[in-house]
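So the sequence shown is numbered by my numbering: it starts at 4 and just counts up by one.
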Amino acid sequence: LVMGALSREKGADVLESVALALRGARIEFHLLGYAYRALDDCVVSHGPYDNARVHHLIEGIGPDIAWFPALWPETYSYTLSIALHNALPVVVPDIGAFAERVGARPHSAVVRWDQSTAQWRAFWLGVLDAGALPAAAAADAPPAIDSSFYQGDYLRLCPALRGDPTAAVLEQLGANLYARSEDLSRSERLLSHIWNLSRHPVAARLVSMIPFKLQRSIKRHLSRRPMHDIVSR
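In structure tokens form, the structure reads like this:
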């Protein structure tokens, strides 16, 4: 199971390439979320999800492993939190917060982020044959945690707020906390229609002929908001 909104950097192309290489093997690749483009049907795509239902959806899929094929480091990764909450074995790249967060965790494998499709194919076939993640890929124990870090060094560079916050500041904070997302603009509604259309196989082939830089330029012209704020409406 791969989760989230997959860009190139988060591994959409890697997922499709590996799934194609393993077509016919006794391995299913599920995407709970969506990719920046329509993927081959060798990937079972479940579409955008509501965070309130994500655990129920995962239970319905019944995955054996959560895989994070990212090519770019994350500072935290909320989708990794979802996988850990559901006690799933995980396969993560050796960059960013992934390796740090699963350090010394059982049933967790840290793998080189830049593996080729052939290497990933061999990895997954090995997991299939063994019925388990390779022990040699387990993460090392994380470094010792300094319990006083956040009370000291972390705050040292932050200016101290003197006095109690004013009523106006509290009101602004409350409005921001409970504010509803803005309605989609006309251009964003158009972008949403284009995205839905691009999920169909014929349209997906046409979209694939458009250079990626031009696709990104069009998207940014129509909206600067993240795509998940638009397609999840």
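The beta-carbon is built from N, C-alpha and C at its ideal position, and this holds for glycine as well.
Compare the C-alpha of residue i against each of the options and name the closest.
| i | options | result |
| --- | --- | --- |
| residue 67 | 136, 221, 179 | 136 |
| residue 13 | 65, 71, 33 | 71 |
| residue 33 | 69, 74, 218, 80 | 69 |
| residue 126 | 8, 64, 28, 9 | 28 |
Under DSSP, the beta strand (DSSP E) around residue i begins and ends at which residues?
| i | result |
| --- | --- |
| residue 106 | Per DSSP, residue 106 belongs to no beta strand (DSSP E) and is neither H nor E. |
| residue 207 | Residue 207 -> not in any beta strand (DSSP E); alpha helix (DSSP H) instead, spanning 204–211. |
| residue 39 | Neither: residue 39 is in no beta strand (DSSP E) and is coded neither H nor E. |
| residue 188 | Neither: residue 188 is in no beta strand (DSSP E) and is coded neither H nor E. |
| residue 9 | 5–9 |
| residue 111 | 111–114 |
Starting from residue i, follow the alpha helix (DSSP H) in both directions and report where the run begins and ends.
| i | result |
| --- | --- |
| residue 63 | 57–64 |
| residue 23 | 15–24 |
| residue 84 | 81–88 |
| residue 220 | 215–225 |
| residue 71 | Per DSSP, residue 71 belongs to no alpha helix (DSSP H) and is neither H nor E. |
| residue 97 | Taken as a continuous stretch (DSSP letters only), residue 97 belongs to no alpha helix (DSSP H), as it is neither H nor E. |
Would residue i be called buried (16 or more neighbouring beta carbons within 10 Å of its own) or exposed?
| i | result |
| --- | --- |
| residue 109 | exposed |
| residue 82 | buried |
**Request:** Decide if the segment 58–66 is in contact with the segment 86–99; the criterion is three or more beta carbon pairs, one per stretch, under 8 Å apart.
**Result:** Yes, the segment 58–66 is in contact with the segment 86–99.
Assess contact between the segment 206–216 and the segment 29–41, defined as three or more Cβ pairs (one per stretch) separated by less than 8 Å. Is contact present?
With contact defined as three or more Cβ pairs closer than 8 Å, the segment 206–216 and the segment 29–41 are in contact.
#### Entry: Stretch pair the segment 12–30 + the segment 224–233: three plus CB contacts closer than 8 Å
Using a C-beta cut-off of 8 Å, the segment 12–30 makes no contact with the segment 224–233, since fewer than three inter-stretch Cβ pairs fall below that distance.
Any chance the segment 160–178 sits against the segment 216–223, with 3 or more Cβ pairs inside 8 Å?
With a cut-off of 8 Å, the segment 216–223 and the segment 160–178 do not count as touching, because too few Cβ pairs lie within range.
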